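Reading through the structure tokens given below for one structure.
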Amino acid sequence: MRQSKLFTKTRKEAPSDEVSKNAQLLIRAGFINKEMAGVYSMLPLGLKTHEKIKQIIREEMNAIGGQEILMSSLQPKEIWENTGRWDDELVDVWFKAELKAGGEVGFGWSHEEPIGEMMKNHIRSFKDLPVYVYQFQNKLRNELRAKSGIMRGREFGMKDSYSFCDGEEQHNKIYEDTIKAYERIFERFGIADRTFMTFAPGGAFTEFSHEFQTICDAGEDYIYLNKEKNIAINEEVMSEETLQKLGVKKEELKRVKTAEVGNIFNFGLQKAKDIGLFYKNEAGEKTPVWMGSYGIGTTRMMGVLAEVMSDNKGLVWPEEVSPFKIHLILLDGKDTTDARDEAERLYEDLLSRGADVLYDDREVSAGQKFADADLIGISNRFVISDKTLSAGQIEYYSRQKGTTKMITEQELIERYV
RNA sequence: CGGGGCGUAGCAUAGUGGUAGUGUUCUCGGUUUGGGACCGAGCGGUCCGGGUUCGAUUCCCGGCGCCCCGACCA
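So for the first sequence, this note's numbering puts the first residue at 22; every next one is plus one.
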């Protein structure tokens, strides 16, 4: 894409009503637009970044047998009444609306009940199991207080998946597969070294659930962590009993602030019993489905990456998440058009090869181009100027490493297209 | 939902019971071109409602919005 056509504008100063680093940077760089407290729109750069986050998750979910679906945002009241969770006393984040035709609907803050209800139409026999589905959906939650930019909003993107299994053994396989998939996902996001699977509150059925917590000042959680032993415990379940069960001493653990980026949850049989989702097992007996749910907050993920991978000049995206893989920057003096001709030729050539490239063809000062490039944070930057032209090479700059080197066009194409 | 703070131009930020200023963005002209370059000109503003007052952007009341702390967080 030509940067001269990109409608979004960067700004030197963040709006005064944003304190969180993630929202300040993402707004300054033109990735998102604030609509109201806790509600943000995705602009071209933000949308592309969010889509890349989703694509990584999609690939890893597909790799473990996940099937992508998309549930509706509007949800019938009745299925939530069946489990008692229509009640505002029990669930305090409901958005609800009246139907003009009569009756009420809810806006999806979770899809556990609707998906269980939907699966009644598709799961009859143990032969139908396991089923593992996921979706990318905007969740709507009537939070009393939105905060931390895009990390805790009233409308936010989430990958949620649900497993339906014939018994515990089958469930455990999916559970373990999901842990491994999540580890690959966070590896690809470039935050594996600061993200830890954490013991967290379980539920009616299990003692613990597992969360993936990323060390981040803007987070809302505290975990007790031992990096060497790879053990992390959410403060909410921190107790002598827990320590004993996990075989660690409190002195070995360090309390750190984190953001929850993922969770995996074992419902056991209880959820299916509540919903009324049964199947016939091999012996022909009516049996509740063993369920699990697994989430990754995709917009929160974008916020966390903005928080932990930025510097004082702006965003610093890891290559796989970067809105574009290549940022081609033209620096042209007024007296010479050679650099522009060369940049145009290279840009068109890259496009024809299917490269993912943002081309700064604007007629603005070099300083502004560099400042914008730093702010936007595309991982690989290439400069074409009279200087590089006379050297017969292209200047490469790594936003993450901060290093510069000269490379040939051939190298650019082989490595970055 | 409890507590605190803040609403002045697209953005940021001064100031004042009596003509609202600066930076930036934007428009135009010129000079520039490897780190938000320079000079000149121009466009553009007091959240909404009520009250006090000769006069309110300023003071008072209410509303709405936004931010922070706490509570909450399937």
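Note that beta-carbon positions come from the ideal geometry of N, C-alpha and C, so glycine has one too. From a predicted model like this one, the values you see are computed outputs, not experimental measurements.
For this session: Please name the residue in T29, K98, Q45 and H348 whose C-alpha comes closest to that of L68.
Result: T29
Problem set entry | Distance between beta carbons of G129 and K98, contact taken as under 8 Å | The Cβ separation is near 12 Å, so there is no contact.
For this session: Could you check what DSSP says for D181 in three-state terms: helix, strand or coil?
Result: strand
Exercise. Can you round the beta-carbon distance between G137 and I296 to whole angstroms, since I take them to be within the 8 Å contact cut?
Worked result: That belief holds up - the Cβ atoms of G137 and I296 are roughly 4 Å apart, short of 8 Å.
Exercise. Between the stretch 326 to 344 and the stretch 393 to 401, do three or more beta carbon pairs fall short of 8 Å?
Worked result: With a cut-off of 8 Å, the stretch 393 to 401 and the stretch 326 to 344 count as touching, because enough Cβ pairs lie within range.
For this session: State the CB to CB distance for the pair N193 and T219, rounded to an integer number of angstroms; the pair is presumed to be in contact (CB under 8 Å).
Result: Rounded, the Cβ-Cβ distance is 19 Å, inconsistent with contact.
Exercise. At which residues does the alpha helix (DSSP H) containing M330 begin and terminate?
Worked result: Where M330 is concerned, there is no enclosing alpha helix (DSSP H), given that its DSSP letter is neither H nor E.
Exercise. Do G178 and N159 have their CB atoms nearer than 8 Å?
Worked result: Against a cut-off of 8 Å, the Cβ pair of N159 and G178 comes out as a contact.
Problem set entry | Helix, strand or coil at R205 according to DSSP, with G and I counted as helix | Helix.
Problem set entry | M57 classed as buried or exposed, judged by whether at least 16 other C-beta atoms fall within 10 angstroms | M57 is classed as exposed because its beta carbon has fewer than 16 other beta carbons within 10 Å across all chains shown.
Exercise. For L352 versus S406, is the C-beta spacing smaller than 8 Å?
Worked result: yes
Problem set entry | Whole beta strand (DSSP E) elements within the stretch 99 to 155, 3-residue minimum | 116 to 119 and 125 to 128
Exercise. What span of residues does the beta strand (DSSP E) with R276 cover, start to end?
Worked result: Where R276 is concerned, the enclosing beta strand (DSSP E) stretches over K275 to G289.
Problem set entry | Residues of its chain near E257, where Cβ-Cβ distance is below 7 Å and the 5 sequence neighbours each way are ignored | Excluding five sequence positions before and after E257, the CB atoms of its chain that fall closer than 7 Å to its own CB belong to A221 and P222, given in chain order.
Problem set entry | Closest residue to E241 among I415, R321, L27 and M22 (Cα-Cα distance) | R321
Exercise. For L64, which of helix, strand or coil comes out of DSSP?
Worked result: coil
For this session: Compare the beta carbon distance of I171 and I53 with 8 Å and say whether it is the shorter of the two.
Result: yes
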